[in-house]
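Here is the structure we will look at, set down as structure tokens.
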Amino acid sequence: MIQTLIKKLKTHQKIAVISHVRPDCDAIGSQVALCLWLKKNGIGAMAFNEDELHPSVAWIQKGFAVERPDTGRLAKADAFVYLDGNSHERFGRPGEFARDSGLPLYMIDHHPDPAGYFEIAVSEVSASSTAELVFRIFEESDLDLIDREVAEALYAGMMTDTGSFRYDSVSAYTHRAIAELIDRGGIVPEAIHANIFDGKKPGQLILLGKCLDSIQLHARNMIATISVTDSMLKSTDSTYDDLEGVVNYPLTIAGVRASVLMCEVDGRVKLSLRSKSVFNVNLWARTLNGGGHAKAAGAWHDGPLEKTLEKVLETGMQQMNAKPDKDQATEPDTYTDPDSDPDSDTNPDTSRPGPTV
Ligand code: 5GP
Ligand code: MN
-14 MIQTLIKKLK THQKIAVISH VRPDCDAIGS QVALCLWLKK NGIGAMAFNE DELHPSVAWI
46 QKGFAVERPD TGRLAKADAF VYLDGNSHER FGRPGEFARD SGLPLYMIDH HPDPAGYFEI
106 AVSEVSASST AELVFRIFEE SDLDLIDREV AEALYAGMMT DTGSFRYDSV SAYTHRAIAE
166 LIDRGGIVPE AIHANIFDGK KPGQLILLGK CLDSIQLHAR NMIATISVTD SMLKSTDSTY
226 DDLEGVVNYP LTIAGVRASV LMCEVDGRVK LSLRSKSVFN VNLWARTLNG GGHAKAAGAW
286 HDGPLEKTLE KVLETGMQQM NAKPDKDQAT EPDTYTDPDS DPDSDTNPDT SRPGPTV
């Protein structure tokens, strides 16, 4: 499939490469690296994203600038490549423009259930990241095209989407690819980690403290939630984007299987769901009209926060009953339907606040 895509890409004059809204390092890293590959192969390239880039992501564009969508510029494309997402809806205005353009649409992604309308889809759920799939384009064409800017962009995508190489999506191939990036790009991993993780404002750490203080445990501690109000953001001079990574903290509490961060954004509530068990948060997010991966997913709810929490717990508990977690079956402290166990602490209304962390 990669070879077919390479051949196809080489038939175009100017390709617009687009990535999903609220882009992370995998989206932008893949986009910058693919645009550099196109350029190095004599193919015109443009990169578009709907949203402003957070500073922890924006530095990746040293080698190739990602533009805000502009109809005049988008109209110059003779094909579109979708990166790190697999349907129009995740791409904002560039996705709508591409959908209506009638031009060939290609896709490179590692999320489940891709839409069927792509002419060529490199869709591999087992890949650690979209950046790993873009690395394969270099590997299957010419590894000598990897320079410092390509290597930094792909390293950033692969490192962040694997939780610094800790998730079960990491393979020996992931590490071999990283070794190539370090050798060929002459990159300094420590500096890349610092670019991404060490540019925080003091308010972000105060916000983190407030988030940790808001942790509640439910369903016999198997589900943890974090509630972030608009006033928590305002009082710490922060925005939603400053919450990157915060949803993972409750997963470090013994027994917690899934963590949900709920944040007030523009009058609605953005949900981030994470799992460290076989409990599938993609299926959970889908019941909330969202999606993502089995272990990292997202969705939106109309709010307010209290209603969102109710809905999240209701659907989460249904999900647990529908798809029992294999890990749970072997443990005495399993989830019990609140209707059949009046003393259970799994009822959303009786959920207790979490420990002081
Ligand atoms: P995050 O929690 O970091 O926003 O997103 C985690 C994962 O879920 C990412 O893979 C992202 O693409 C996906 N995701 C986040 N929000 C949404 C959403 O509203 N809809 C869908 N379909 N996927 C989402
Ligand atoms: Mn990704």
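Numbering (my numbering), first residue to last: -14 to 342. Glycine included, each C-beta is placed from N, C-alpha and C at the ideal position.
Bridge-paired residues (DSSP) for residue i
i, result
"C248", "V213 and K255"
"L90", "F65"
"H203", "I208"
"I3", "F33 and Y67"
"G276", "G283"
"I45", "DSSP, once it has assigned bridges, lists no residue as partnering I45."
"E124", "According to DSSP, E124 bridges with nothing at all."
"A243", "I208 and S260"
"E74", "Bridge partners of E74: none, in fact."
"A106", "M92"
"V51", "A32"
Any non-hydrogen atom of the ligand MN closer than 7 Å to residue i Cβ
i, result
"H39", "no"
"T159", "no"
"S154", "no"
"S111", "no"
"S114", "yes"
"H95", "yes"
"D168", "no"
"D11", "yes"
"D69", "yes"
Heavy atom of the ligand 5GP within 7 Å of residue i beta-carbon
i, result
"A281", "yes"
"S257", "yes"
"A136", "no"
"R84", "no"
"A106", "no"
"W344", "Outside the modelled stretch of the chain, which goes from -14 to 342, sits residue 344, for which no answer is possible."
"H278", "yes"
"G148", "no"
"H5", "yes"
"M75", "Looking at the sequence shown, residue 75 is not Met but Arg. Yes, since a heavy atom of the ligand 5GP falls inside the 7 Å radius drawn around the Cβ of R75."
"G14", "no"
"G80", "no"
"G230", "no"
"G275", "yes"
Burial state of residue i, where buried means 16 or more other Cβ atoms lie within 10 Å
i, result
"K219", "exposed"
"D222", "exposed"
"F182", "exposed"
"M(-14)", "exposed"
"Y102", "exposed"
"H5", "buried"
"L128", "exposed"
"K(-8)", "exposed"
"T315", "Caution is warranted here: a pLDDT of 35 is assigned to T315, below 50, making its placement in the model unreliable, and the coordinate value is therefore given only provisionally. With fewer than 16 other Cβ atoms within 10 Å, it is exposed."
"H39", "buried"
"R259", "buried"
"N71", "buried"
"R121", "buried"
"D69", "buried"
"G194", "exposed"
"D227", "buried"
"E137", "buried"
"D94", "buried"
"G240", "exposed"
"K(-5)", "exposed"
"D168", "exposed"
"S149", "exposed"
"T(-11)", "exposed"
"E37", "exposed"
"P235", "buried"
"A80", "Note that residue 80 is Gly in the sequence shown here, rather than Ala. G80 is buried by the Cβ-count criterion."
"T237", "exposed"
"K47", "exposed"
Measuring CB atoms only, is the stretch -7 to 4 touching the stretch 129 to 145, in the sense that at least three cross pairs come out at less than 8 Å?
In short, these stretches do not touch, since the Cβ pair count stays below three.
The stretch 86 to 93 touching the stretch 28 to 36, judged by at least three CB pairs closer than 8 Å
With the cut-off at 8 Å, the stretch 86 to 93 and the stretch 28 to 36 do not touch.
Is it the case that the stretch 277 to 294 contacts the stretch 239 to 251, given that we only count it when at least three CB pairs across the two stretches are under 8 Å?
Touching, per the Cβ criterion.
Are at least three pairs of beta-carbons, each pair with one atom in the stretch 273 to 286 and one in the stretch 96 to 112, less than 8 Å apart?
Enough Cβ pairs lie closer than 8 Å, so yes.
Decide if the stretch 195 to 210 is in contact with the stretch 163 to 180; the criterion is three or more beta carbon pairs, one per stretch, under 8 Å apart.
The stretch 195 to 210 makes no contact with the stretch 163 to 180; the number of CB pairs closer than 8 Å stays below 3.
Does the stretch 193 to 205 come close enough to the stretch 158 to 169 to have 3 or more Cβ pairs within less than 8 Å?
Segment contact: the stretch 193 to 205 against the stretch 158 to 169, fewer than three CB-CB distances shorter than 8 Å; contact not assigned.
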